[in-house]
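Residues in the sequence shown are numbered from 11 upward in steps of one, following my numbering. Beta carbons: idealized from backbone N, C-alpha and C, even for Gly. Note that the structure is a prediction, hence the values are computed from the model and not measured.
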Amino acid sequence: MGDTCVDMAMEDTPPIQPSIICLCRYTVYCLTTGGTVRWQIRLERVGTALMVYSTGKETLSIRLCVTTSSNSLLVFMDNKLMWNSQTEDTIVAIKLSSYSSTYQSVLSMLSVSGRVSIGYLGTEPNLYKVPIDNRFIDFKAKIQEMRTIEASLKDTGNVGVENKTVFTMKAVPGELEKGAVGLFIYQLDK
Numbered sequence: 011m012g013d014t015c016v017d018m019a020m021e022d023t024p025p026i027q028p029s030i031i032c033l034c035r036y037t038v039y040c041l042t043t044g045g046t047v048r049w050q051i052r053l054e055r056v057g058t059a060l061m062v063y064s065t066g067k068e069t070l071s072i073r074l075c076v077t078t079s080s081n082s083l084l085v086f087m088d089n090k091l092m093w094n095s096q097t098e099d100t101i102v103a104i105k106l107s108s109y110s111s112t113y114q115s116v117l118s119m120l121s122v123s124g125r126v127s128i129g130y131l132g133t134e135p136n137l138y139k140v141p142i143d144n145r146f147i148d149f150k151a152k153i154q155e156m157r158t159i160e161a162s163l164k165d166t167g168n169v170g171v172e173n174k175t176v177f178t179m180k181a182v183p184g185e186l187e188k189g190a191v192g193l194f195i196y197q198l199d200k
C-alpha cells in the first residue's frame, strides 16, 4: 500500500462482498479478501480513526466513518462522501454505541486528550457555508461620511492645545533617600 496502516475493519454482512477496510495516514483502502483493491479514498489530512457500521438495511454499500487530524468526522458510503462534521478535538477512537433505549446508535468518540464524547449526527449536514449578510451598504454614502469625519478632524486638530512653560515633577524616594524629598520646577524655554 505504501503507507502506514492506522486502523482496520472487516465488513462481511451479506449481501456485501467480504471486504477489509484499511485506514492509512492519507488513504482509505477497501480490499477484497484476496487482496484486490475495490476502491480507495484519498484524504486531505491525516486519518486518525475508522469505524465501519451497518444501517440494518440490505445494501451493497459499505458505510464508514473516518476522523482526521483537522478535527473532522467524515461519513462515507463506499468511496462517496455523504456527510462531514467538525469535532471539538482530534479523535483517536470511534465506535457506534447504544446505552439504553433512549441513546441508541450514537457515536462514542475518544479524543487525543482522553476526553470521551457521545455524539449524534443530527438531521442536516453542516456544509460550512458563510452566512450571507442581506444588508445593503451604500458605499458612496459611507465614503462621503468618512470624508466629512476626516475634514472635521483636520479642522479641530490644534484646538484646545495650550503651550505651557512650566513642567512639574514630583519625586517620591524610597526608604534610603528620605532626606532628598522635594518638588522640582523647571522653566522651559520657548
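Distance, Ser64 Cα to Ile224 Cα
Outside the shown range of the chain, which is 11 to 200, sits residue 224, and nothing can be said about it.
Is the distance from the Cβ of Thr43 to the Cβ of Pro28 below 8 Å?
By one-based count along the sequence shown, residue 43 stands at place 33. By one-based count along the sequence shown, residue 28 stands at place 18. The Cβ atoms of Thr43 and Pro28 lie closer than 8 Å to each other.
Let me confirm a value: Tyr113 is counted as buried when at least 16 other C-beta atoms fall within 10 Å, else exposed. Which label applies?
Along the sequence shown, read from residue 1 onward, the residue named residue 113 stands at position 103. Exposed, by the Cβ-count rule.
Would you call the region 69-80 and the region 97-113 in contact, with 3 or more CB pairs under 8 Å?
These segments touch.
CA-to-CA distance, Ser82 to Arg52, given in whole angstroms:
Position 42 of the sequence shown, counting from 1, holds the residue named residue 52. Position 72 of the sequence shown, counting from 1, holds the residue named residue 82. The alpha-carbon of Arg52 is positioned some 15 Å away from that of Ser82.
In whole angstroms, what is the alpha-carbon distance linking Ser151 and Ser123?
Your numbering for residue 151 matches position 141 in the sequence shown. Your numbering for residue 123 matches position 113 in the sequence shown. According to the sequence displayed, residue 151 carries Ala and not Ser. The straight-line gap from Cα to Cα measures roughly 52 Å.
Going by the CB atoms, is the gap between Val102 and Thr37 shorter than 8 Å?
The count along the sequence shown starts at 1 and reaches residue 37 at position 27. The count along the sequence shown starts at 1 and reaches residue 102 at position 92. With contacts defined as CB atoms closer than 8 Å, Thr37 and Val102 fail to qualify as a contacting pair.
What separation, rounded to the nearest whole angstrom, lies between the Cα atoms of Ser95 and Asp17?
Counting from one through the sequence shown, the residue named residue 95 turns up at place 85. Counting from one through the sequence shown, the residue named residue 17 turns up at place 7. Each residue's Cα considered, the two are about 20 Å apart.
Simplified DSSP assignment, three categories, for Arg125
Locating residue 125 in the sequence shown gives position 115, counting from the first residue. Coil.
Taking C-alpha atoms, which residue in Glu21, Leu70, Thr69 lies nearest to Leu60?
The count along the sequence shown starts at 1 and reaches residue 60 at position 50. It is Glu21 whose Cα lies nearest to the Cα of Leu60.
Throw me the rounded Cβ distance for the Ser79 and Thr46 pair, which I believe falls under 8 Å.
The residue you call residue 79 lines up with position 69 of the sequence shown. The residue you call residue 46 lines up with position 36 of the sequence shown. Not a contact, Cβ separation roughly 29 Å.
Suppose you measure from the CA of Thr97 to the CA of Ser110; what does that come to, to the nearest Å?
Taking the first residue of the sequence shown as 1, we reach residue 97 at position 87. Taking the first residue of the sequence shown as 1, we reach residue 110 at position 100. Straight through space, the alpha carbons of Ser110 and Thr97 are spaced by roughly 24 Å.
Here's a check: name, in chain order, each residue in its chain whose Cβ is nearer than 7 Å to the Cβ of Ala161, leaving out the five neighbours to either side.
Along the sequence shown, read from residue 1 onward, the residue named residue 161 stands at position 151. Close CB contacts of Ala161 within its chain, under the 7 Å cut and outside five residues either way in sequence, are absent.
Flag Arg48 as yes when its Cβ comes closer than 7 Å to any non-hydrogen atom of the ligand ATP, and as no otherwise.
Of the ligands one can find in the structure shown there are none, so the ligand ATP has no counterpart to examine.
Report the residue from Leu120, Cys40, Gly129 whose alpha carbon sits nearest the alpha carbon of Trp49.
Start at 1 with the first residue of the sequence shown, and residue 49 comes out as number 39. The candidate whose alpha carbon is nearest that of Trp49 is Cys40.
Whose C-alpha, out of Ile26, Ala19, Leu33, is nearest the C-alpha of Gly12?
Taking the first residue of the sequence shown as position 1, residue 12 is located at position 2. Distances from the CA of Gly12 to each of Ile26, Ala19, Leu33 were compared; the closest alpha carbon is that of Leu33.
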